[in-house]
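6 protein chains.
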Amino acid sequence: MRIHLVNPNTTVSMTDKIAAAARAVARPGSEILARTSAMGPASIEGYYDDALALPGLLAAIAEAESDGVDGHVIACFDDTGLEAARTLARGPVVGIGEAGFHFASLIAHRFAVVTTLSRSIPVIEANLVRYGLDRRCCAVRASEVAVLELEDAASGARGRISAEIARSVAKDGAEAVVLGCAGMADLARALTEEHGVPVIDGVASAVTLVEALVSTGLVTSKHGAYAAPRPKAYTGLLKDFAPRES
Amino acid sequence: MRIHLVNPNTTVSMTDKIAAAARAVARPGSEILARTSAMGPASIEGYYDDALALPGLLAAIAEAESDGVDGHVIACFDDTGLEAARTLARGPVVGIGEAGFHFASLIAHRFAVVTTLSRSIPVIEANLVRYGLDRRCCAVRASEVAVLELEDAASGARGRISAEIARSVAKDGAEAVVLGCAGMADLARALTEEHGVPVIDGVASAVTLVEALVSTGLVTSKHGAYAAPRPKAYTGLLKDFAPRES
Amino acid sequence: MRIHLVNPNTTVSMTDKIAAAARAVARPGSEILARTSAMGPASIEGYYDDALALPGLLAAIAEAESDGVDGHVIACFDDTGLEAARTLARGPVVGIGEAGFHFASLIAHRFAVVTTLSRSIPVIEANLVRYGLDRRCCAVRASEVAVLELEDAASGARGRISAEIARSVAKDGAEAVVLGCAGMADLARALTEEHGVPVIDGVASAVTLVEALVSTGLVTSKHGAYAAPRPKAYTGLLKDFAPRES
Amino acid sequence: MRIHLVNPNTTVSMTDKIAAAARAVARPGSEILARTSAMGPASIEGYYDDALALPGLLAAIAEAESDGVDGHVIACFDDTGLEAARTLARGPVVGIGEAGFHFASLIAHRFAVVTTLSRSIPVIEANLVRYGLDRRCCAVRASEVAVLELEDAASGARGRISAEIARSVAKDGAEAVVLGCAGMADLARALTEEHGVPVIDGVASAVTLVEALVSTGLVTSKHGAYAAPRPKAYTGLLKDFAPRES
Amino acid sequence: MRIHLVNPNTTVSMTDKIAAAARAVARPGSEILARTSAMGPASIEGYYDDALALPGLLAAIAEAESDGVDGHVIACFDDTGLEAARTLARGPVVGIGEAGFHFASLIAHRFAVVTTLSRSIPVIEANLVRYGLDRRCCAVRASEVAVLELEDAASGARGRISAEIARSVAKDGAEAVVLGCAGMADLARALTEEHGVPVIDGVASAVTLVEALVSTGLVTSKHGAYAAPRPKAYTGLLKDFAPRES
Amino acid sequence: MRIHLVNPNTTVSMTDKIAAAARAVARPGSEILARTSAMGPASIEGYYDDALALPGLLAAIAEAESDGVDGHVIACFDDTGLEAARTLARGPVVGIGEAGFHFASLIAHRFAVVTTLSRSIPVIEANLVRYGLDRRCCAVRASEVAVLELEDAASGARGRISAEIARSVAKDGAEAVVLGCAGMADLARALTEEHGVPVIDGVASAVTLVEALVSTGLVTSKHGAYAAPRPKAYTGLLKDFAPRES
């Protein structure tokens, strides 16, 4: 099975960390094709970065499709471009945010999310409402760690994240905690041991979820929301993105 | 008052129609600065087009901001890029979809939406949930009219739209109907008379709503979700979109 | 354009303040016809006052209708009698509570309400649920300022209101705050500057919202919930309120 | 136990029918004090009638309170004035609409409501949302029978109501049906037999529900929403309604 | 009227306390048939105990049905086995949890629940969502009192429960409080006086609610969810539970 | 990896079919330990069967736990005993109903469920609400096929199921369909081809979902809802189910 893992920001060191997390849980027979977005923001922090990450993300999805992959993982916790990516893909597409939420709801009655900056809270809350899983989430907390601080061991990021996990267990009644950024993938195991509740990494969740969907033969429905884009003219900087007759 | 009206698709004839609808309702003292997106899809039909319309839309918003406009209208019924645009804008930003929903909820207990293709239904439904106004919407119906057919008088588009309005009043209990595409702006008045219930055009709604917000001195909150983008590097095709220190 | 602004309580000094707030934002061509209710409570604080304010409110709406106004603003934050007023009106009717909520949801992801007495919280919460906008409201807080204290500069009311705004920003994550009483209309601008987030006055919001609706030619739907009252006998003290054949 | 049953419209024949339904189910020791509103509409059909029924209703509640009753039933399916009445009452106050909904949700998974005119549907739907019981209601249907037609045996009202019950069982999956008007109280038993599902009369439900609450010693909470009205001046036609110091 | 009151745990002293609470509020003509489950857990604390309490509960319901009772009360706050019991019963079946929630929503705008151990919170929250009454509940709090501590006067249980009631009034805005365990039935009256808000016992609520339903002639709907079990083979330890042709 | 697959009804032929479906999708290294419940109903159709299936189910879970399995699948579409099972399990426990819902929501915007008898609809609807996924489900339809008819090739069951799938696509706007019974596991692939939309089998979904959770190292949270049962006495027929000190 060939799984395309796309980091929709352009920071290669982050792709490497994410790919390592993915390969650590992937099945023996799975090949992880990791790709860094070729254009757009170096990190995704809020709505503007989200929007400008889309062309790079969708170019990567399209390229991987022509390589014939079996499924895709979008490795940004905002689930950037999830629905648009599904219109391009034959196989399943899973975002690491939704994967974390689904997994949390299967092993705990109530879960919390600990993310980076507070400006990401509205994005995550809106996603939870869209998926319906807001009913199971007791809090979305920000550690006020910037995404690229996670790449810097000296930033003290881990301590601030750990403190928010402790608060969500003590004050919000969280039974499990989802880490709200792809760049936190390497912290899940140690934080689980530290806090005595499952701490969930969305990257591992999404990779194994795509493997699961592919194993059962499920593909993205092409009836309705995720039908292939209609062929039409695109102009200017983005003219090469125009959908063609298939 | 100077209001920026951006058509996030690249079809100039559609911008002209939208601008005419806007000017027909704008206050004497309001100047409507209509702009067609400089890049991306010729029409927006579904999630993929929505995603690729964002860079052109945000470039237009940024340009209008440096021109010192007082507010913005996003003239696509999907409210494409609404939140991202708000992070760039000082004044208010209103989408024609949300404007239509808010207006409908002020003059009717239950309203329906009649849009173009059925692939747009999920986008509209998700927006209604996000705004909370799904509780007031009794149906989202598709006329299966493609966006650019609206530019072609011989397409029979008007008849198909009218038929769905009739169904929404008779079967869904709609007390008012929102037209679900910027390209339908010229039809609202005649359809209102034909059906005896208010038929609402989002363009007129959004223009007057921005005028209203500006008159009261309200601007977009910069505390939280819509804070200005953080300065950072962008690369590749989109490198010029990088947010700078303000 | 002629807009009827009705203060559903009987305190004339409050009508004067509200009318001044309305005129400060109204368009040059708009005439604000301010009216104080001719019967009922001197201030509206909770469900009982709300109920007894209705006959005076509806008499005012009916009178203004025969004067041929274009729209109505109900200047009580509880949106007292909103739906009943709509059954009498040809043009749009907007309550200052709903106007404040709608405006807040257009310029902020999450907003709070700061009102007078805690007994008004349930009324406001129930309205938010009815409109669907509870999903965007993070808190309804009471300052424990009685309505008529707002008419008394020596009451310290402003300080208590400001303190609750500070709490809603710091603790509830509010990105904007709606002032929950018509009598606070004169405080919005100064509190906005003090707190650095938009502080919204419902009176200004409702006046400009009615102007917007009227500009687009929209009227209240007479199909369904807001159909004209059926002619029938009324008896006793209220016999003159009986609806007649139109 | 003394239970005050107030018909908030002014039609005495309807009060008689309601009182008979109440006495048919009341406990041996319960005294039903039936009262017809002394002012306002002859029947309640939509928001305007609802609003003008309030003074008469509240006068009746106040009078019964000074007579020392143990609880109140508001015999209009719109639950007209429910919250305002609770601010006046020491004991419990139950509306026949809410009583019917609560009872239906205890004996069936999903229930429907069959009411009089379609203009009452929004009132009932809004109440269901307010109580939370919309989640259990599969449909609110109108029989297009006017309230006073129920007082006229030759009107064919029963047949039209029965037809809507049949549709709600066959099409909506209703397992029980609530009759949506006090004037239908005499039909419940025969319609239950005819349709083979429980058909629920709100009057009987509310009377026995008040008896139940009183038996357990529960009274209306005076902490918060239903605190006694604050003493203040009322003017004009309604000056006698002014709350006094207690 | 004969009402079957079943304690689904096997602790007889608890049944005695519950039966006393039931008899204290029952009508003169009502006979309370109290039964202790003949098999399963000594107390019900969380999902596992809930599951294993079901056979004993359903055996008791079946036995009471053949005795010809008019209705049933399930005296566990988790409303253990409520829907399954309804498939066996002709008359109404009411759980003490739902009874407490319904009663609270009739005398207060917002209520809290104070229960035993925190592991019961998810069960109660899920029930509130299922009934729709979560919209009226402002908090579910655990006193961390084990069920059988309530049988021991020296345990200090009452003090811990009282402290949580005080918190729910002061912090959560509760206007009434529901006691979240059958074993707290004897505390309601004194705690009401202590805190000045209604403190509600589910046992008294459920008994009088069943009396109310029976008085109006309502029975459990046999159309849909609560149809009688289909006859089929059961094997092993539970073979005697097999439903037979009726 | 060792996965325990429990059929909570006692029909061995059904277990065989389910185990085959499970093994067809399981990873090479996974061992499927299929178990038929040793006590209770031959098929699960509605609330009563659900309740009596619990002891057999929980006995199977406990036994598998002492065998040291890595995770469990509950092969009944009602997700019978899901939460109780989680209190016994160290590893993850997934029901086939929830697995089907989660998978459907990842490959389609809106999905429908086609189940056996209409009495199962309320159970499924309540589960969807509990999981939050009701927001994504457009219809739950019954084929009126009894569970054991699925074991009989001559019953015409397949045709009736196929007809409901066709209706859900044409009328409800379903983009994918979840088969609502473990006994339909062998039909998914052919029905997918027949209808051109993904038709989802919960057994395959649940098996691969448990594999995914186990691969990532996630276990059931023991903080809160799913803490191990408290040791206590159980009596009568079920005395051996008493939880012991661990």
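Protein chains in written order, with this note's numbering: chain A, 1 to 246; chain B, 1 to 246; chain C, 1 to 246; chain D, 1 to 246; chain E, 1 to 246; chain F, 1 to 246. Glycine included, each C-beta is placed from N, C-alpha and C at the ideal position.
- In this structure, DSSP gives residue 223/F a state outside helix and strand, which the three-state scheme calls coil.
- Take the alpha-carbon of residue 20/C and the one of residue 154/A: they are about 58 angstroms apart.
- Contact between the region 47-66 of chain A and the region 38-56 of chain B is present: 3 or more CB-CB pairs across the two stretches fall below 8 angstroms.
- Take residue 38/D, set aside five residues on each side of it, and the residues of its chain with a beta-carbon closer than 6 angstroms to its own are 56, in chain order.
- Using beta-carbon distances, residue 171/B does not count as an interface residue toward chain A, since no partner is under 9 angstroms.
- Exposed is the label assigned to residue 244/E, since fewer than 16 other Cβ atoms lie within 10 Å of its Cβ.
- Within chain F, not a single residue places a beta-carbon under 9 angstroms from that of residue 195/D; the smallest gap is close to 17 angstroms.
- Going by beta carbons, residue 214/A and residue 1/A fall inside the 9 angstroms limit.
- Relative to the Cα of residue 50/A, the nearest Cα in the group 188/A, 71/A, 30/A and 80/A belongs to 80/A.
- Per DSSP, the continuous alpha helix (DSSP H) segment holding residue 164/C begins and ends at 157-171.
- Spatial neighbours of residue 230/B in its own chain (CB-CB distance under 7 angstroms, excluding positions within 5 residues in sequence) are listed in chain order as 243.
- Residue 164/F is positioned such that its CB atom lies closer than 9 angstroms to that of residue 142/F.
- Counting of Cβ neighbours within 10 angstroms places residue 28/A among the exposed residues, the total staying below 16.
- In terms of CA proximity to residue 238/D, 42/C leads the group 5/C, 13/C, 7/C and 42/C.
- Residues of chain A with a Cβ closer than 7 angstroms to the Cβ of residue 129/B are, in chain order, 129 and 130.
- Short of 8 angstroms from the beta carbon of residue 160/F, and not among the five residues preceding or following it, lie these beta carbons of its own chain, in chain order: 143, 144 and 145.
- Taken through DSSP and simplified to helix, strand or coil, residue 31/A comes out as strand.
- Residue 131/E and residue 175/D have their C-alpha atoms spaced approximately 16 angstroms apart.
- Under DSSP, residue 141/C takes part in a beta bridge, and its partners are 114/C.
- In its chain, beyond the 5 residues on either side, 136, 138, 173, 174 and 175 have a beta carbon closer than 7 angstroms to the beta carbon of residue 110/D.
- Where residue 24/E is concerned, the enclosing alpha helix (DSSP H) starts and stops at 12-25.
- Those residues of the region 1-13 of chain E placed with their C-beta closer than 9 angstroms to a C-beta in chain D do not exist.
- Unbroken beta strand (DSSP E) stretches of 3 residues or longer found wholly inside the region 75-104 of chain E: 93-95, given in chain order.
- Within 10 angstroms of the beta-carbon of residue 46/F lie 16 or more other beta-carbons, which makes it buried.
- As the crow flies, the alpha-carbon of residue 211/B is around 11 angstroms from that of residue 25/B.
- Contacts between residue 109/B and chain D, judged by CB atoms closer than 7 angstroms, involve 122 in chain order.
- Among the residues facing chain E, residue 50/F is included, as its CB has a counterpart in that chain under 9 angstroms away.
- Sequence-distant Cβ neighbours of residue 93/A in its own chain, meaning closer than 6 angstroms and more than five residues away, are 72, 85 and 86.
- Per the C-alpha coordinates, the member of 4/A, 123/A and 126/A positioned closest to residue 75/A is 4/A.
- For residue 128/D, the enclosing alpha helix (DSSP H) starts and ends at 121-131.
- Judged by DSSP in its simplified three-state form, residue 200/F adopts strand.
- Secondary-structure assignment with DSSP links residue 44/E through no beta bridge to anything.
- Secondary structure note for residue 183/A: it is in no alpha helix (DSSP H), with a DSSP letter that is neither H nor E.
- In the DSSP assignment, the residues bridged to residue 36/D are 7/D.
- About 4 angstroms separates the CB atoms of residue 191/C and residue 199/C; that is less than 8 angstroms, so the two are in contact.
- The alpha-carbon of residue 124/A is positioned some 30 angstroms away from that of residue 217/A.
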